[in-house]
Ligand SMILES: [Zn+2]
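Residue numbers (this note's numbering): 34 to 273.
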């Protein structure tokens, strides 16, 4: 059993701490800012042993060097991107381990070209970075609609109950666009109402899960690549 702790950073990032009590190991996923991570580790008495990056963007890697220097943690990140302090290059089919827990690397290009996700089969969880958000997906800064469409499809092949840990709290804005893109979809409308209530109470809306995204994510509900591309472009300038 792993403990997963969200550490909020910047305006809407979640940095994820992953702790394995059995081995005493702790990993952090996408530490854009080292300070809140060091504070959380200190408060919990956890020792950081690993840093995992999903992609190169500074709000995901900005804390790598400071955390590595402070803790000696090993940095693992996508092979095809420039990752500060990287010790281990991760490619499709590689894995990371935390104690006895194993996470498989899935390449999910689109937001960036080398973006990876980490899927822990037995723990039914995946760290998806900026590829998939609750009811949304990352902007196509480097990749093509085809690549992102396929990347999202690969994540949707994971078991329905897989928790998806995304890196930003974008759900409310995504849900508003989802209702626009999927008019008449009662499941999408109901989730918007739920998300509005959660945010009013100051609650987090992530992690999400595969089953929920398959039912309510407009980028996954887009039937084909052309419709996916149209929706992605529309969302880029959508004002909710
Ligand atoms: Zn990013």
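Where is the CB? At the ideal position from N, CA and C, for every residue including glycine. Small disclaimer: the values here were computed from a predicted structure and weren't measured.
Original post:
Using CA coordinates, which residue listed in 191, 77, 247 is at the minimum distance from residue 168?
Top reply: 247
**OP:** Go through the segment 134-216 residue by residue and report every complete run of the beta strand (DSSP E) that reaches 3 residues or more, in order.
**Re:** 134-140, 149-153, 158-162, 196-199
**OP:** Note down, in chain order, each residue of its chain lying with its Cβ closer than 6 Å to the Cβ of residue 68, except the 5 sequence neighbours on either side.
**Re:** none
**OP:** List in chain order the residues whose CB is within less than 5 Å of at least one heavy atom of ligand 1.
**Re:** 90, 163
Original post:
Where residue 115 and residue 105 are concerned, what is the direct C-alpha to C-alpha distance, given to the nearest angstrom?
Top reply: 20 Å
Original post:
Does the segment 214-223 come within contact of the segment 150-166, defined as at least 3 CB pairs closer than 8 Å?
Top reply: no
Original post:
Between which two residues does the beta strand (DSSP E) containing residue 52 stretch?
Top reply: 46-53
Original post:
According to the neighbour-count rule (16 or more other Cβ atoms, all chains shown, within 10 Å of its Cβ), is residue 265 buried or exposed?
Top reply: buried
**OP:** Would you mind working out which of 252, 200, 113, 216 sits nearest residue 240, comparing C-alpha positions?
**Re:** 200
Subject >> DSSP bridge partner residues for residue 60 (one or two, in chain order) >> reply: 51, 83
Original post:
At a cut of 8 Å, does the segment 73-84 reach the segment 46-65 through at least three beta carbon pairs?
Top reply: yes
**OP:** For residue 207, count neighbouring Cβ atoms within 10 angstroms of its own Cβ and tell me buried if that reaches 16, exposed if not.
**Re:** buried
Subject >> Whole-angstrom distance between residue 78 and residue 177, CA atom to CA atom >> reply: 43 Å
Subject >> CA nearest to the CA of residue 258, picked from 42, 182, 41 >> reply: 182
Original post:
Among the residues of its own chain, which have a CB less than 7 Å from the CB of residue 202, if the five just before and after it don't count?
Top reply: 45, 47, 237, 238, 239
Original post:
Which partner residues of residue 253 appear in the DSSP bridge assignment?
Top reply: Note: residue 253 sits in no beta bridge, so no partner.
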